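This report refers to the structure that appears directly beneath it.
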Amino acid sequence: LDDDWPGEPSESYWRQQLDQAEQDLRQGEWSAALGRVSAPSLQTSARARYVKARALDATAEARRDNRLLSQAIAAYIDLLKMNERLSDKKLIEVTDRTLERIKFRGTYLSAEPVYKLLIRRFPDNPNYRNNLTVSLLMANRADLAETVLKETLKRWPNDHVALAHLGFILKTSYNRLEEAVDAFKKALEDQTGPANEPRFYYHYGDALLLLGRFNEAHEVHKRGAALGHFLSPNQRSLYNVERLKSKPWWNVENTPYTKLARALERSWRQILEEGESLRALYEKEKEGLKERGEWSQLDLFARGSEIPGRCKKAPVTCSIVRQEVAAVGCRRGQIKFSAMEAGTHVRPHVGPTNCRLRMHLGLSNTKDTYIRVDKETRQWQTGKVLLFDDSFEHEVWHNGTGTRLVLIVDVWHPDLTPTERRQLPAI
Ligand code: LMR
Ligand code: MN
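In my numbering, the protein residues as written are 210 to 636.
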């Protein structure tokens with residue numbers, strides 16, 4: 210089988226230049242390699258394009274330079290313009306690296322043409338189609354992902370990976386919950402295989418919860434936990450550090466956050482005043498968590514940074530939380546006011562991560578309001594702090610009157626090391 214690069218120059222001088230450029234590349238002489246392959250006579254040589262892409266790629270990696278990385282990706286794609294003349298082996302080698310670099314760079318939509326080449330070359334392999342679906346979802350293009358999926362399922366109606374993605378799109382883009390459940394059910398019927406991912410179990414169970422099919426949801430959550438996708442059936446966050454102490458309700462006295470809690474409690478009236486004065490800025494909750502009622506929030510900090518300008522408008526609140534770096538620096542949480550109208554019910558749900566604890570300072574109309582975390586339901590009290598782990602399933606009712614206001618302060622889980630607090634990706 211012909212596994213040579215196409216477009217080899219006919220003159221031996223240029224072929225030797227290419228040999229030399231490859232040698233430069235192997236020896237880490239990336240700029241020398243780039244210099245050699247930039248000769249006009251080599252522009253239609255696949256080997257020259259390959260050396261250029263690899264040299265840019267290696268330089269980008271060594272310098273951690275995203276601009277160079279984008280150039281490397283563009284160079285790989287330039288090489289792939291010759292795809293019809295590349296052997297299967299070469300095509301796979303080049304596309305593997307290109308896709309890997311695109312994912313690292315996070316420019317998922319640019320993977321589309323690359324997958325299309327693979328699909329055209331290997332039309333009988335559904336994996337390339339499924340991977341294209343994943344990339345399109347990562348690029349927030351559920352519309353495009355759906356088109357690909359439908360074609361995949363037309364030909365492979367029982368493909369579990371495709372069915373799992375169908376369930377995901379039906380639930381998260383269209384709220385078509387019954388159909389999503391049916392797709393997930395089929396996709397996850399065997400407990401191994403590539404469709405067996407935590408997020409599919411999460412959305413399968415969550416769709417059942419949203420439909421009020423609690424027994425079935427619990428079965429899915431138990432299965433998910435047994436497979437290691439969840440920390441436990443009731444603690445279903447997906448971004449976790451495994452070893453952290455896990456319990457639904459915390460006593461603030463047993464954490465490093467007593468000082469913060471007491472400072473918040475001492476100033477609760479001023480915090481209430483600030484929270485009320487900002488009511489015009491609150492945003493309605495739009496994740497579909499509430500079954501009925503009205504619920505809106507105002508972030509002061511998110512992902513470890515102040516929302517620009519907010520602290521000017523809530524100076525007392527900010528001056529208190531700024532005393533605790535594990536709160537204002539919590540890149541996996543927020544600090545926010547949360548206003549809930551009477552008659553609201555927030556469905557059972559979980560937060561995204563076990564890396565934070567969630568402190569609530571009760572501010573107003575806390576009578577006849579309830580929060581269940583895992584198996585235990587508690588009540589807010591005005592001027593008092595509650596502390597819980599919102600990676601456990603929780604649910605809220607406002608059966609009282611008036612707007613219930615609380616200040617929510619997320620803090621790093623006390624078991625996280627300083628390095629983890631610095632290095633965990635933000636959420
Ligand atoms: C939640 O995080 O789900 C709720 O506890 C928030 C709130 O305002 O009660
Ligand atoms: Mn919540």
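Positions of the beta carbon are idealized from the N, C-alpha and C atoms, including for glycine.
Here the structure is a predicted model, which is why all the values come from computation and not from measurement.
Environment of residue i [buried if 16+ CB atoms lie within 10 Å]
i, result
"N292", "buried"
"D619", "buried"
"A271", "exposed"
"R519", "buried"
"T307", "buried"
"A489", "exposed"
"Q400", "exposed"
"A435", "exposed"
"D599", "buried"
"V534", "exposed"
"E492", "exposed"
"E302", "exposed"
"E602", "buried"
"T610", "exposed"
"N638", "Outside the displayed span of the chain (210 to 636) sits residue 638, for which this structure offers no information."
"Q232", "exposed"
"K545", "buried"
"A283", "exposed"
"K261", "buried"
"F409", "buried"
"N463", "exposed"
"D212", "exposed"
"D368", "buried"
"N563", "buried"
"S547", "buried"
"G402", "exposed"
"S254", "buried"
"K290", "exposed"
"G437", "exposed"
"G421", "exposed"
Residues of its chain near residue i, where Cβ-Cβ distance is below 6 Å and the 5 sequence neighbours each way are ignored
i, result
"T342", "A354, V357, L358 and H374"
"G413", "In the sequence on display, residue 413 carries Tyr and not Gly. So the list reads F393 and V429, once near-sequence residues are dropped."
"R256", "W214 and L227"
"I480", "T526 and L616"
"A472", "I529"
"I516", "D508"
"A281", "A262, L265, D266 and A269"
"A230", "A242, R245, V246 and V260"
Own chain partners of residue i with C-beta closer than 8 Å, once the 5 adjacent residues on each side are dropped
i, result
"A635", "R512, G513, R540 and R541"
"A351", "L345, I378, T381 and S382"
"Q590", "G571 and T575"
"L326", "L289, N292, L300 and T304"
One or two residues paired with residue i in a DSSP bridge
i, result
"K545", "D508 and I617"
"H554", "R501 and W606"
"L570", "V594 and L616"
"E515", "F510"
"V582", "E585 and H603"
"T562", "Y448"
"S441", "Q444"
"W458", "F597"
"E492", "Q506"
Whole-Å CB distance - residue i paired with residue j, under 8 Å assumed
i, j, result
"D508", "Q543", "5 Å"
"L640", "L386", "The requested residue 640 does not occur in the structure, where the chain is confined to residues 210 to 636."
"T553", "K499", "6 Å"
"R314", "S279", "7 Å"
"P465", "P623", "6 Å"
"T586", "R613", "That belief does not hold up - the Cβ atoms of T586 and R613 are roughly 15 Å apart, past 8 Å."
"F597", "P442", "Contact doesn't hold; Cβ gap of about 18 Å is too wide."
"L566", "W477", "With 8 Å as the limit, L566 and W477 do not qualify as a contact, their Cβ atoms being about 19 Å apart."
"L487", "A523", "7 Å"
"T361", "R338", "4 Å"
"A389", "A416", "5 Å"
"A404", "V370", "5 Å"
"M190", "G502", "Residue 190 lies beyond the stretch modelled for the chain, which goes from 210 to 636, so this question has no answer here."
Own chain partners of residue i with C-beta closer than 7 Å, once the 5 adjacent residues on each side are dropped
i, result
"W223", "S250 and L251"
"W239", "A264, A267 and T268"
"K593", "E474 and G571"
"G560", "S446, D599 and S600"
"A551", "H607, G609, T610 and G611"
"E629", "V450"
"L288", "A255, R258, Y259, A262 and V303"
Distance cut-off 7 Å: residue i Cβ against heavy atoms of the ligand GTP
i, result
"I328", "With respect to the ligand GTP, the structure offers nothing, as its ligand set consists of the ligand LMR and the ligand MN."
C-beta neighbour in chain D for residue i, strict 8 Å
i, result
"L595", "No chain D is present in this structure, which holds just one protein chain."
TODO: Could you name the residues whose beta carbon sits closer than 6 Å to any heavy atom belonging to the ligand MN, keeping them in chain order?
DONE: H558, G560, D599 and H603
Task: Contact set, the ligand LMR heavy atom to C-beta under 5 Å - done: S547 and V605
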